[in-house]
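A.B. asks:
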Amino acid sequence: MHSRKREQYGQYAVPLLAPLQNGRQQSAPPPQYTGQSLVRRLGPTSPIRERRFPSGARQRVSGTVAIGHPIGAGRQRDKFVALPEEDDDTTLLPAPLEEPALPAPSPEDAMSLAAALPPPGIFEDLPRDELPRPLLRDDSCWRGRITFYCVAESFDRKKLEELLKLTYPPNTIRSFPDAFYVEYIKGADMQPGGDVFFFDYGVVACWGMTKTQEMTIVRGIATQCTEQPLPEQWTEVDEFQYCYSHEKQQHVQNDTVTLHRRYAQDHKMKLAISYALAQSTKLSVYEKRVTDIVLETKNLPEALAEHGEVDISGHDIAKLIGKVFLQKSAVNLLGSVLGTPEFFWHAPDSFQALYTRVTEYLELESRVELLNSRFAVLQEMLDMLRDHQNNYHNVRLEWIVIWLIVVEVVVGLFELLGLFGLVGRPEKG
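Count along the sequence shown from 1, add 1224, and you get the number used in the working numbering.
As structure tokens, this is what we get:
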């Protein structure tokens, strides 16, 4: 059964399950890297690159980013947003609730599968400078990376659940109404481990993992379960940092989430924060699409102002109107960006307060308002161009009718002159 499913999901299902030690999956030590083989592994057209901002924070982006990209200029990263403290409310930030793990294959099948699969090795040739720093630990703070990948419009939840059960031990997987959680690396001595969240709207969140592990998850699992996968140029990758400290106040600033060390292994707190960050990543995809539509149509009003006409057909205008409407409906109707996740309907209010503070830092509400204002401007411009095209078409029809009338009058005039003998063949003598 397992060999059949591994064949169904392709080559990426082979190296994902590391050797089982003490009943759970352990991360293999990073291999030695030589040469510039990242291009050979990921391909020369891999669009992922890094971008720095004036605040000093770093963000992973993809594709060609136009000047004035709304994410780069529209959000203030250096502002300080305090997160809820336990002392503020005796019920705030409670211990995680227990939820049942996903059912898994039988122990015999799992053990045979683990013995048959080699250790992770898809990206063994990644150069050393492409790997992120490991978890940094000092006397005041434990630091690590949080990376979000938006790879599709949505995930096939049933297929994703099946692949997760096939790949990871059952006690490391948790199911939520609109997300899956996987404990990829178990934390020790109250230190944070590696955690992965798969959100139904096509976003993967990785906490405390190396880039090699992240790419194994994204390429090996996420891309195998996508519905309407995004092209490479549309893939959005955002990077944040976390800091676990027992001295600093819990807050978000400069794309760094600072939490108390007692929550280093609290996956539900990470989930509450990840919901907001994942929505921001998803919103970035829509912002990029709107930016591309703006760049595609920016010359049309200028041409109309200079020449009084535009070199675009009514069919192309209708297609642009459809594009704008699809993006507007995706932002406002589908709920992946605007709606409060169903997880918070049954979770303690403290988690929703944490989620609300993070969305405040990310300025989701103002970014959605800005996006809707751009939708409105684009819609107004396209409606104006459509009216102009319709008027131009109507004017052409009117001139055609006028010339037909002129021809009919001329023909009637010749017929009338012929009746009076003024026009026609001369009579024979």
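Virtual Cβ for every residue (Gly too), placed ideally from N, Cα, C.
What number of angstroms, rounded off, separates the C-alpha of Phe1304 from the C-alpha of Lys1472?
C.D. replies: The residue you call residue 1304 lines up with position 80 of the sequence shown. The residue you call residue 1472 lines up with position 248 of the sequence shown. About 13 Å.
A.B. asks: Have a look at the DSSP bridge pairing and note the partners of Tyr1405.
C.D. replies: Taking the sequence shown and counting its residues from 1, one reaches residue 1405 at position 181. Answer by DSSP bridge pairing, in chain order: Arg1398, Phe1421.
A.B. asks: Give the range of the alpha helix (DSSP H) segment to which Gly1642 is assigned.
C.D. replies: Along the sequence shown, one-based indexing puts residue 1642 at 418. That run of the alpha helix (DSSP H) goes 1588-1643.
A.B. asks: Go ahead and pull the three-state DSSP assignment for Gln1465.
C.D. replies: As a first step, residue 1465 must be located in the sequence shown, where it is residue number 241. Note: Gln1465 maps to strand in three-state DSSP.
A.B. asks: State the beta-bridge partners of Ala1376 as determined by DSSP.
C.D. replies: Translated into the one-based positions of the sequence shown, residue 1376 becomes position 152. Per DSSP, Pro1453.
A.B. asks: How many Å lie between Lys1522 and Asp1516 at the Cα?
C.D. replies: Indexing the sequence shown from 1 puts residue 1522 at position 298. Indexing the sequence shown from 1 puts residue 1516 at position 292. C-alpha separation (whole angstroms): 10 Å.
A.B. asks: Give me the Cα-Cα distance between Gly1259 and Thr1436, rounded to the nearest whole angstrom.
C.D. replies: Against the sequence shown, residue 1259 aligns to sequence position 35. Against the sequence shown, residue 1436 aligns to sequence position 212. Summary for Gly1259: the model assigns pLDDT 36, below 50, so the residue's position carries little reliability; its value from the coordinates is reported in the next sentence. Distance between the alpha carbons of Gly1259 and Thr1436 is about 16 Å.
A.B. asks: Could you compute how far the alpha carbon of Arg1398 sits from the alpha carbon of Lys1382?
C.D. replies: As a position in the sequence shown, residue 1398 is number 174, starting the count at 1. As a position in the sequence shown, residue 1382 is number 158, starting the count at 1. So the two alpha carbons sit approximately 14 Å from each other.
A.B. asks: In the DSSP assignment, the beta strand (DSSP E) including Thr1482 goes from what residue to what residue?
C.D. replies: Along the sequence shown, read from residue 1 onward, the residue named residue 1482 stands at position 258. Here the beta strand (DSSP E) through Thr1482 covers 1480-1484.
A.B. asks: Helix, strand or coil for Pro1344, going by three-state DSSP, please let me know.
C.D. replies: Within the sequence shown, the letter at position 120 stands for residue 1344. Since pLDDT at Pro1344 reaches only 42, below the 50 mark, its modelled position is unreliable, and the value read off the structure follows with that caveat. Note: Pro1344 maps to coil in three-state DSSP.
A.B. asks: Looking only at DSSP bridge pairs, what is Glu1460 linked to?
C.D. replies: The sequence position of residue 1460 within the sequence shown is 236, counting from 1. According to DSSP, Glu1460 bridges with Cys1374.
A.B. asks: In angstroms with no decimal places, state the Cα-to-Cα distance between Gln1457 and Tyr1373.
C.D. replies: Locating residue 1457 in the sequence shown gives position 233, counting from the first residue. Locating residue 1373 in the sequence shown gives position 149, counting from the first residue. Gln1457 and Tyr1373: Cα-Cα distance of roughly 13 Å.
A.B. asks: Taking just the CA atoms, how far does Val1647 sit from Val1630?
C.D. replies: Locating residue 1630 in the sequence shown gives position 406, counting from the first residue. Locating residue 1647 in the sequence shown gives position 423, counting from the first residue. So the alpha carbons of these two residues sit roughly 19 Å apart.
A.B. asks: Measure the Cβ-Cβ separation of Val1375 and Gly1426 and say whether it is below 8 Å.
C.D. replies: The count along the sequence shown starts at 1 and reaches residue 1375 at position 151. The count along the sequence shown starts at 1 and reaches residue 1426 at position 202. Taking 8 Å as the Cβ cut-off, Val1375 and Gly1426 qualify as a contacting pair.
A.B. asks: On the DSSP bridge assignment, give the partners of Val1427 in chain order.
C.D. replies: Here residue 1427 corresponds to residue number 203 of the sequence shown, with the count starting at 1. DSSP lists Cys1374, Phe1423 as partners of Val1427.
A.B. asks: Ser1508: which of Pro1416, Leu1588, His1612, Ser1537 sits nearest, CA to CA?
C.D. replies: Residue 1508 sits at position 284 when you count from the first residue of the sequence shown. Ser1508 has its Cα closest to that of Leu1588, out of Pro1416, Leu1588, His1612, Ser1537.
A.B. asks: Excluding the 5 residues preceding and the 5 following Pro1416 in the sequence, name in chain order all residues of the same chain whose CB lies nearer than 8 Å to its CB.
C.D. replies: Counting from 1 along the sequence shown, the entry for residue 1416 is found at position 192. Correct list, in chain order: Leu1359, Trp1366, Gly1368, Trp1431, Gly1432, Tyr1466, Tyr1468, Ala1488, Gln1489.
A.B. asks: Once DSSP output is grouped into helix, strand and coil, what is the label at Val1647?
C.D. replies: Indexing the sequence shown from 1 puts residue 1647 at position 423. Of the three classes helix, strand and coil, the one that applies to Val1647 here is coil, per DSSP.
A.B. asks: Taking all protein chains shown into account, do 16 or more other C-beta atoms lie within 10 angstroms of the C-beta of Ala1429, making it buried, or fewer, making it exposed?
C.D. replies: By 1-based counting over the sequence shown, the position of residue 1429 is 205. Its Cβ being crowded by 16 or more others within 10 Å, Ala1429 is buried.
A.B. asks: Go to Met1548, then tell me how far its alpha helix (DSSP H) extends in each direction, as first and last residue.
C.D. replies: Reading the sequence shown from its first residue, position 324 is the one you call residue 1548. Residue identity differs from the one stated: residue 1548 is Val in this sequence, not Met. Per DSSP, Val1548 belongs to the alpha helix (DSSP H) from 1538-1556.
A.B. asks: I'd like the span of the beta strand (DSSP E) that includes Gln1415, first residue to last.
C.D. replies: Translated into positions along the sequence shown, residue 1415 becomes position 191. Per DSSP, Gln1415 belongs to no beta strand (DSSP E) and is neither H nor E.
A.B. asks: By the three-class DSSP mapping on this structure, what secondary structure does Gln1437 have?
C.D. replies: If you number the sequence shown from 1, residue 1437 lands on position 213. Of the three classes helix, strand and coil, the one that applies to Gln1437 here is helix, per DSSP.
A.B. asks: Within 10 Å of its beta-carbon, does Gln1300 have 16 or more other beta-carbons around it, so buried, or fewer, so exposed?
C.D. replies: Position 76 of the sequence shown holds residue 1300. The residue is exposed, with fewer than 16 neighbouring Cβ atoms inside 10 Å.
A.B. asks: Can you tell me which of Ile1626, Ile1541, Leu1524, Phe1379 puts its alpha carbon nearest to the alpha carbon of Thr1447?
C.D. replies: The count along the sequence shown starts at 1 and reaches residue 1447 at position 223. Thr1447 has its Cα closest to that of Phe1379, out of Ile1626, Ile1541, Leu1524, Phe1379.
A.B. asks: Hey, could you find the ends of the alpha helix (DSSP H) His1470 is sitting in?
C.D. replies: As a working note, residue 1470 is residue 246 in the sequence shown. Run containing His1470: none; DSSP gives neither H nor E here.
A.B. asks: Find the nearest neighbour of Phe1422 within the set Val1481, Asp1479, Lys1494, judged by alpha-carbon distance.
C.D. replies: Residue numbering aside, residue 1422 sits at position 198 when the sequence shown is read from its first letter. It is Lys1494.
A.B. asks: Could you give the distance in angstroms between the alpha-carbon of Val1406 and the alpha-carbon of Glu1604?
C.D. replies: For the purposes of this step, residue 1406 is taken as the residue at position 182 of the sequence shown. For the purposes of this step, residue 1604 is taken as the residue at position 380 of the sequence shown. Near 46 Å, if we compare the C-alpha coordinates of Glu1604 and Val1406.
A.B. asks: Measuring alpha carbon to alpha carbon, tell me which of Glu1526, Glu1520, Ala1554, Glu1530 ends up nearest Ile1541.
C.D. replies: One-based indexing of the sequence shown puts residue 1541 at position 317. Measuring from the Cα of Ile1541, the nearest candidate turns out to be Glu1520.
A.B. asks: Which two residues bound the contiguous alpha helix (DSSP H) that contains Gln1477?
C.D. replies: In the sequence shown, counting from the first residue as 1, residue 1477 sits at position 253. No alpha helix (DSSP H) contains Gln1477, which is instead part of the beta strand (DSSP E) from 1475-1477.
A.B. asks: Arg1513 and Gln1551 look like a contact to me (Cβ under 8 Å); what is the Cβ gap, rounded to whole Å?
C.D. replies: The count along the sequence shown starts at 1 and reaches residue 1513 at position 289. The count along the sequence shown starts at 1 and reaches residue 1551 at position 327. At roughly 5 Å, the Cβ-Cβ gap stays under 8 Å, so Arg1513 and Gln1551 are in contact.
A.B. asks: Please report the Cβ distance between Val1683 and Ile1497, rounded to the nearest whole angstrom; I am assuming they are in contact, meaning their Cβ atoms lie under 8 Å.
C.D. replies: Nothing can be reported for residue 1683: it is not among the residues displayed for the chain, which extend from 1225 to 1653.
A.B. asks: From Thr1564, Val1555, Ser1574, pick the residue whose C-alpha is nearest to that of Ser1597; which is it?
C.D. replies: On the sequence shown, position 373 is the one that residue 1597 refers to. The shortest Cα separation from Ser1597 among Thr1564, Val1555, Ser1574 belongs to Val1555.
A.B. asks: Where do the ends of the alpha helix (DSSP H) carrying Pro1525 lie?
C.D. replies: Here residue 1525 refers to the residue found at position 301 of the sequence shown. Here the alpha helix (DSSP H) through Pro1525 covers 1523-1531.
A.B. asks: Which residue's Cα is closest to the Cα of Asp1371: Tyr1499, Leu1594, Asp1302, Ala1527?
C.D. replies: Residue 1371 sits at position 147 when you count from the first residue of the sequence shown. Checking the sequence shown, residue 1371 turns out to be Thr, not Asp. Answer by Cα proximity: Tyr1499.
A.B. asks: Do you know whose CA, among Gly1563, Arg1443, Arg1581, His1470, lies nearest Gln1477's CA?
C.D. replies: Counted from its first residue, the sequence shown places residue 1477 at position 253. With distances taken between Cα atoms, Gln1477 lies closest to Arg1581.
A.B. asks: Could you spell out where the alpha helix (DSSP H) holding Leu1390 opens and where it closes?
C.D. replies: As a first step, residue 1390 is located in the sequence shown; it is residue number 166 there, counting from the start. Per DSSP, Leu1390 belongs to the alpha helix (DSSP H) from 1381-1391.
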